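**Student:** Going line by line, the protein sequences match chains A and B.
Just so you know, the UniProt record's numbering puts the end of the first sequence at 603, numbered straight through with nothing missing.
Just so you know, the UniProt record's numbering puts the end of the second sequence at 167, numbered straight through with nothing missing.
Backbone N, C-alpha and C fix where the C-beta goes; we use that ideal spot for every residue, glycine too.
Since the model is a prediction, treat every value here as computed from it, not as a measurement.
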Amino acid sequence: MSMMESEALGRVRRTERRQFNIVRFSAVALLALGLILGVLRELDFRAQAADAARVQADIFAGAVSAPLAFEDRPTLLQNLRAFQRDPEIAEAIVYGMGGEQVALRPSSEFQKLPLQPGARRVQGRLVVTRPVIEEGVHLGWVRLVAAPDPLLRVLGRYAAIGLMTVIATLLLWFAGRMALRLEQRAGQLEAANARLQDEMAQRARAEEALRQSQKMEALGQLTGGVAHDFNNLLTVIMGGLETIGRQLAKLPGGPESARMMRARDMALHGAERAATLTQRLLAFSRRQPLQPATLDPNKLVQGMGDLLRRALGETIELETVLTGGAWRIQADAAQLENAILNLAVNARDAMPEGGRLTIETANASLDEAYADKVPEGLTPGQYVMIAVTDTGSGMPPEILNMVFEPFFTTKEVGKGTGLGLSQVYGFVRQSHGHVAIYSEVGVGTTIKIYLPRRLGEEALAEDAQPINTDLLTGDERILLVEDHDDLRSYSAGILRELGYEVCVARDGDAALGCLDSGFVPDLLFTDVILPGGYNGRQLADAVAERKIDVPVLFTTGYTRNAIVHHGRLDPGVDLITKPFTFEQLAEKVRRVLDRAAAEPRTP
Amino acid sequence: MRAKALLVRLMAFALAAGGAAPAGAQPSDAAIKAAFITKFPAFVQGLPDGAPLNVCIVGPDSFGSAIERSAAVRVVVRRLAVVTPTSGCHVVYATGGARQSVRDALAIVAGAPVLTITDGGAGPTRGMIHFVVAGERVRFHVDTLQASRSHLQLSSKLLALALSVRQ
Ligand SMILES: Nc1ncnc2c1ncn2[C@@H]1O[C@H](COP(=O)(O)OP(=O)(O)OP(=O)(O)O)[C@@H](O)[C@H]1O
Ligand SMILES: [Mg+2]
Chain A
1 MSMMESEALG
11 RVRRTERRQF
21 NIVRFSAVAL
31 LALGLILGVL
41 RELDFRAQAA
51 DAARVQADIF
61 AGAVSAPLAF
71 EDRPTLLQNL
81 RAFQRDPEIA
91 EAIVYGMGGE
101 QVALRPSSEF
111 QKLPLQPGAR
121 RVQGRLVVTR
131 PVIEEGVHLG
141 WVRLVAAPDP
151 LLRVLGRYAA
161 IGLMTVIATL
171 LLWFAGRMAL
181 RLEQRAGQLE
191 AANARLQDEM
201 AQRARAEEAL
211 RQSQKMEALG
221 QLTGGVAHDF
231 NNLLTVIMGG
241 LETIGRQLAK
251 LPGGPESARM
261 MRARDMALHG
271 AERAATLTQR
281 LLAFSRRQPL
291 QPATLDPNKL
301 VQGMGDLLRR
311 ALGETIELET
321 VLTGGAWRIQ
331 ADAAQLENAI
341 LNLAVNARDA
351 MPEGGRLTIE
361 TANASLDEAY
371 ADKVPEGLTP
381 GQYVMIAVTD
391 TGSGMPPEIL
401 NMVFEPFFTT
411 KEVGKGTGLG
421 LSQVYGFVRQ
431 SHGHVAIYSE
441 VGVGTTIKIY
451 LPRRLGEEAL
461 AEDAQPINTD
471 LLTGDERILL
481 VEDHDDLRSY
491 SAGILRELGY
501 EVCVARDGDA
511 ALGCLDSGFV
521 PDLLFTDVIL
531 PGGYNGRQLA
541 DAVAERKIDV
551 PVLFTTGYTR
561 NAIVHHGRLD
571 PGVDLITKPF
581 TFEQLAEKVR
591 RVLDRAAAEP
601 RTP
Chain B
1 MRAKALLVRL
11 MAFALAAGGA
21 APAGAQPSDA
31 AIKAAFITKF
41 PAFVQGLPDG
51 APLNVCIVGP
61 DSFGSAIERS
71 AAVRVVVRRL
81 AVVTPTSGCH
91 VVYATGGARQ
101 SVRDALAIVA
111 GAPVLTITDG
121 GAGPTRGMIH
131 FVVAGERVRF
141 HVDTLQASRS
151 HLQLSSKLLA
161 LALSVRQ
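#1: So the beta strand (DSSP E) Arg477 of chain A belongs to, where does it begin and stop?
#2: Once the 5 residues before and after residue 618 of chain A are set aside, which same chain residues still bring their CB inside 6 Å of it?
#3: Does Asp72 of chain A come within less than 8 Å of chain B when only Cβ atoms are used?
#4: Using DSSP with H/G/I as helix, E/B as strand and the rest coil, what is His269 of chain A?
#5: Please name the residue in A:Thr379, A:Ile386 and A:Ile359 whose C-alpha comes closest to that of Leu366 of chain A.
#6: Can you find a heavy atom of ligand 1 that lies under 7 Å from the Cβ of Ser213 of chain A?
#7: Please determine, among A:Ala267, A:Gly239 and A:Leu30, the residue with the shortest C-alpha to C-alpha distance to Thr169 of chain A.
#8: If we ignore side chains and look at the alpha-carbon of each, how far apart do Asp507 of chain A and Pro297 of chain A end up?
#9: Taking a Cβ distance cut-off of 9 Å, strictly less, list which residues of the stretch 132-143 of chain A are near chain B, in chain order.
#10: Is Phe131 of chain B close to chain A, meaning its C-beta is less than 8 Å from at least one C-beta of that chain?
#11: Within 8 Å, do at least three Cβ pairs link the stretch 477-493 of chain A to the stretch 524-540 of chain A?
#12: Please look up how many angstroms separate the CB atoms of Ser156 of chain B and His141 of chain B, rounded, as I've assumed it's under 8 Å.
#13: Verify whether the separation of the beta carbon atoms of Leu139 of chain A and Val132 of chain A is less than 8 Å.
#14: Ligand 1 and Ser285 of chain A: does the residue's C-beta get closer than 7 Å to at least one heavy atom of that ligand?
#15: In whole angstroms, what separates the C-alpha of Glu199 of chain A from that of Ser213 of chain A?
#16: What residue does the alpha helix (DSSP H) around Lys39 of chain B start on, and which one ends it?
#17: Give the range of the alpha helix (DSSP H) segment to which residue 627 of chain A is assigned.
#18: Taking the Cβ atom as the reference point for each residue, do Leu46 of chain B and Gln153 of chain B lie within a distance shorter than 8 Å?
#19: So, using beta-carbon positions, are Ala339 of chain A and Leu282 of chain A closer together than 8 Å?
#20: Name the chain A residues whose beta carbon is nearer than 8 Å to that of Ala98 of chain B?
#21: I want to verify the contact list: residues of chain A whose CB lies under 8 Å from the CB of Leu161 of chain B, in sequence order.
#22: Just to confirm before moving on: does the CB-CB distance between residue 629 of chain A and Ile93 of chain A stay below 8 Å?
#23: Considering Lys157 of chain B, what are the terminal residues of the alpha helix (DSSP H) in which it resides?
#24: Taking a Cβ distance cut-off of 7 Å, strictly less, list which residues of the stretch 87-120 of chain B are near chain D, in chain order.
#25: Taking the beta carbon of Gln48 of chain A as the centre, do at least 16 other beta carbons fall within 10 Å, making it buried, or is it exposed?
#26: What residue from A:Arg246, A:Gly394 and A:Ala293 has the CA that sits closest to Arg348 of chain A's CA?
#27: Taking the alpha-carbon positions, what's the Thr95 of chain B to Asn79 of chain A distance?
#28: Should Lys33 of chain B be flagged as near chain A, meaning a C-beta pair shorter than 8 Å?
#29: Measure the C-alpha to C-alpha separation of Ala71 of chain B and Lys33 of chain B and round it to an integer number of angstroms.
#30: Verify whether the separation of the beta carbon atoms of Thr125 of chain B and Arg149 of chain B is less than 8 Å.
#31: Buried or exposed for Ile399 of chain A, going by 16 or more other Cβ atoms inside 10 Å?
#32: Indicate whether the contact test is met: 3 or more Cβ pairs, each with one atom in the stretch 310-318 of chain A and one in the stretch 251-262 of chain A, closer than 8 Å.
#33: If you draw a straight line from the alpha carbon of Arg590 of chain A to that of Asn363 of chain A, how long is it in whole angstroms?
#34: Of all the options A:Leu357, A:Glu353 and A:Met266, which has the alpha carbon lying nearest to the alpha carbon of Arg309 of chain A?
#35: Nearest CA to the CA of Ile89 of chain A: which residue from A:Leu180, A:Ala267, A:Val127 and A:Ile548?
#36: Label Arg560 of chain A either buried or exposed according to how many other C-beta atoms from any shown protein chain fall within 10 Å of its C-beta, with 16 as the threshold for buried.
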């Protein structure tokens, strides 16, 4: 289309040029024609003038022949005067046979010219010399000098050619201007065309990017739904396996129970791996509940040193370039570590022969121009960049678009899940950040994570105090709300095993029924998503309305907006993500109860 | 008026400038007549063609070699005592000698295409052209009657210069 357009444009320009050339050629031809005509006219005029003068000179010769021959000076002078009265004749001169001359004027240069018959121009004046002959007898010479042409007649003679010249010149001038304007217009057209094509290309790119982000969104919805179901199942499976383990431990040892224990361990291991995958899928779909905290990015990267070195192996050199005065960020520390680790592992896989991995932090301001180019949307402002660069194989441009898609991998079956970068992407997007990827085949890859700067002065998140696992039991009363039957009984089993008194409910109404029956809970442990009139958040509010001051522990496989604002937990809300293990639940419950006891909440 | 005055002065100048004869001295009347004699045929029609021009001087000759010297054309001057119809003259200049008077000489060639010239100094008898000296200038009378009798036509230019014309 654009090719055709520029071709058409070129054709128009060529036609215009041709037309202009025709005009220019015509003008030049006109000018040349005018000159030629003028010259011809002038020559013709001169020839005619010469002829006329010759005729007149002959008449003159005839008139003076007799007085000349018979030396009748008075008659001669009379005739001379008669001729000189003609306004077109400036001088009339008569020469005798011996060259002696008779003229009315004091001798002029015209009198001294040699006596040769004929007409010629001397100083722009026509001079005609004729012999005086009677019956073949040569008696002398006459000479007529024409008066200079009156200005008016000269003008008249040259007016036509002058006019023609002026017209031709004007024509040339117009044509030149026209050509200039045409040229300018063509230039403008071309520029406009180029601009248009540029815009079209830009729009095409933007559309492509938008399609890509829409695809990612759709994929996220799909995988999120599947992952959520899997999560519930995995929680049950893992719970069951843990219970088996605990029961097996109580049995007397023996080869049989040892074999069962190994089988259980393997099953648990598989389930845990499956749980990691579902976590990543959830992360990609941005439905993974995040617990953002205020972080120092440098400290986080430094803290990963050991982990990274172990992951990278000995052939890969690890370099960290940390900017001084890095801004704080607001992000889920565990997930950020996860993301960096995923990038490091990818880098390692891209450098089988070894190489160098550089992790860099920097403060960055992303302006509107940059933000506008991010199709999935980005708020311009201050960010902290964490860049992971390797000297590995790099990626061809055509796969750069696809690497963030879940399950996209170039690795052998069983080696890569294709979910590493999906986690990075989903997590960063969910944290209101941005991922950029730069890669060149054979040179290496840089992936930059931008996370929004955290403004405000609150303290950095403290590392949680380790809890004595032996002291995870308790006798408090817990209101457990969970719609998934297996999961409800699994959670209730754990809590009861730990010594808590539990009232179970499958939805909000049932939970309120518990309260109505006189159950006063010390902790509300509720799924975020519930069937019926209440979701977890609303249920907590309903409980609070009954003047029951109780801490709330939420659980979820994934969340929408109930307790998580845009995927991030409100401050002061506790959450345990599915699937959870016996220990995780025991520890979380104990921690929430202990904190509530330490700092009683005011209603 | 001024232009006319200027013209008069110019004329005077031209006369002064152009009037000088190339020889320096004023030519004699005889020399002038000699020159005229060879020029008359150019203003006459009816003379038989042929060069050179035969000029016959019938009677005493006062020119000497003046005619040959001042001739405008190739000329043969024959000095005759008596002219006859067969003398072959184009021009007869009759001065009236002892053997043949001017009148006789003219009578002999009358009717033949011969231009006859006479001179006032040689007697009153006039030929077709008759020299006189008037106002110190050599001038002439013209007789077209005699000329037409001899089937000659004298040019009007010549008539215009003549002192008198008989026709
Ligand atoms: N640093 C890198 N250098 C070269 N290629 C990379 C790099 N990072 C990712 N890739 C390419 O992107 C693909 C997707 O990466 P991703 O982390 O999403 O999945 P994976 O690494 O294949 O699988 P997993 O992370 O589960 O092991 C990889 O298979 C690889 O082809
Ligand atoms: Mg990977």
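**Tutor:** For this structure:
#1: Residue mapping note: residue 477 of chain A aligns to position 477 of the first sequence, counting from 1. Taken as a continuous stretch (DSSP letters only), the beta strand (DSSP E) holding Arg477 of chain A covers Arg477 to Val481.
#2: Since the displayed chain A opens at 1 and closes at 603, residue 618 of chain A lies outside it and no answer follows.
#3: Residue 72 of chain A sits at position 72 when you count from the first residue of the first sequence. Judged by the 8 Å Cβ criterion, Asp72 of chain A is in contact with chain B.
#4: Counting from one through the first sequence, the residue named residue 269 of chain A turns up at place 269. Reduced to three states, the DSSP call for His269 of chain A is helix.
#5: Within the first sequence, numbered from 1, the residue matching residue 366 of chain A stands at position 366. The candidate whose alpha carbon is nearest that of Leu366 of chain A is A:Thr379.
#6: If you number the first sequence from 1, residue 213 of chain A lands on position 213. Incorrect: Ser213 of chain A has no Cβ contact closer than 7 Å to ligand 1.
#7: Counted from its first residue, the first sequence places residue 169 of chain A at position 169. For Thr169 of chain A, the nearest C-alpha among the options comes from A:Leu30.
#8: Indexing the first sequence from 1 puts residue 507 of chain A at position 507. Indexing the first sequence from 1 puts residue 297 of chain A at position 297. Computed Cα separation, rounded: 41 Å.
#9: Ile133, Glu134, Glu135, Gly136, Val137, His138 and Leu139
#10: Walking along the second sequence from the start, residue 131 of chain B turns up at place 131. No, Phe131 of chain B does not count as interfacial toward chain A.
#11: yes
#12: For the purposes of this step, residue 156 of chain B is taken as the residue at position 156 of the second sequence. For the purposes of this step, residue 141 of chain B is taken as the residue at position 141 of the second sequence. Not really, about 16 Å apart at Cβ, beyond 8 Å.
#13: Looking up residue 139 of chain A in the first sequence gives position 139. Looking up residue 132 of chain A in the first sequence gives position 132. Against a cut-off of 8 Å, the Cβ pair of Val132 of chain A and Leu139 of chain A comes out as a contact.
#14: As a working note, residue 285 of chain A is residue 285 in the first sequence. Because no heavy atom of ligand 1 lies under 7 Å away, the Cβ of Ser285 of chain A does not count as near it: no.
#15: Position 199 of the first sequence holds residue 199 of chain A. Position 213 of the first sequence holds residue 213 of chain A. So the two alpha carbons sit approximately 21 Å from each other.
#16: For the purposes of this step, residue 39 of chain B is identified with residue 39 of the second sequence, where counting begins at 1. Its alpha helix (DSSP H) spans residues Asp29 to Lys39.
#17: There is simply no residue 627 of chain A to check, as chain A begins at 1 and stops at 603 in what is shown.
#18: Start at 1 with the first residue of the second sequence, and residue 46 of chain B comes out as number 46. Start at 1 with the first residue of the second sequence, and residue 153 of chain B comes out as number 153. The sequence shown places Gly at residue 46 of chain B, rather than the Leu named in the question. Against a cut-off of 8 Å, the Cβ pair of Gln153 of chain B and Gly46 of chain B comes out as a contact.
#19: Taking the first sequence and counting its residues from 1, one reaches residue 339 of chain A at position 339. Taking the first sequence and counting its residues from 1, one reaches residue 282 of chain A at position 282. Not closer than 8 Å, so no.
#20: The residue given as residue 98 of chain B occupies position 98 in the second sequence. What Ala98 of chain B touches in chain A: nothing, since even the nearest Cβ is about 31 Å away.
#21: Your numbering for residue 161 of chain B matches position 161 in the second sequence. Those within 8 Å of Leu161 of chain B in chain A are Ala66, Pro67, Phe70, Asp72 and Thr75.
#22: The structure shown does not extend to residue 629 of chain A, since chain A spans only 1 to 603, so no value can be given for it.
#23: For this step, residue 157 of chain B is matched to residue 157 along the second sequence. Per DSSP, Lys157 of chain B belongs to the alpha helix (DSSP H) from Ser156 to Leu161.
#24: Checking the listed chains, one finds no chain D in this structure; the protein chains it contains are A and B.
#25: For this step, residue 48 of chain A is matched to residue 48 along the first sequence. When all chains shown are included, Gln48 of chain A counts as exposed.
#26: The count along the first sequence starts at 1 and reaches residue 348 of chain A at position 348. Minimum Cα distance to Arg348 of chain A is reached at A:Gly394.
#27: As a first step, residue 95 of chain B must be located in the second sequence, where it is residue number 95. As a first step, residue 79 of chain A must be located in the first sequence, where it is residue number 79. Going by the C-alpha atoms only, they are around 34 Å apart.
#28: Reading the second sequence from its first residue, position 33 is the one you call residue 33 of chain B. For Lys33 of chain B, the answer is no, since every Cβ of chain A falls outside 8 Å of its Cβ.
#29: Taking the second sequence and counting its residues from 1, the one referred to as residue 71 of chain B is at position 71. Taking the second sequence and counting its residues from 1, the one referred to as residue 33 of chain B is at position 33. Cα to Cα, Ala71 of chain B sits roughly 11 Å from Lys33 of chain B.
#30: In the second sequence, counting from the first residue as 1, residue 125 of chain B sits at position 125. In the second sequence, counting from the first residue as 1, residue 149 of chain B sits at position 149. It is not a contact, given that the beta carbons lie outside the stated cut-off.
#31: In the first sequence, the residue the question calls residue 399 of chain A occupies position 399. Counting Cβ neighbours within 10 Å, Ile399 of chain A comes out exposed, since fewer than 16 surround it.
#32: no
#33: Against the first sequence, residue 590 of chain A aligns to sequence position 590. Against the first sequence, residue 363 of chain A aligns to sequence position 363. Between Arg590 of chain A and Asn363 of chain A, the C-alpha separation is close to 39 Å.
#34: For this step, residue 309 of chain A is matched to residue 309 along the first sequence. Among A:Leu357, A:Glu353 and A:Met266, the Cα nearest to that of Arg309 of chain A is on A:Leu357.
#35: As a working mapping, residue 89 of chain A is identified with position 89 in the first sequence. Checked all of A:Leu180, A:Ala267, A:Val127 and A:Ile548; the closest Cα to Ile89 of chain A is A:Val127.
#36: In the first sequence, residue 560 of chain A corresponds to position 560, counting from 1. For Arg560 of chain A, the predicted structure reports a pLDDT of 48, less than 50, and the residue's modelled location is therefore unreliable. A value from the coordinates is still provided. Under this definition Arg560 of chain A is an exposed residue.
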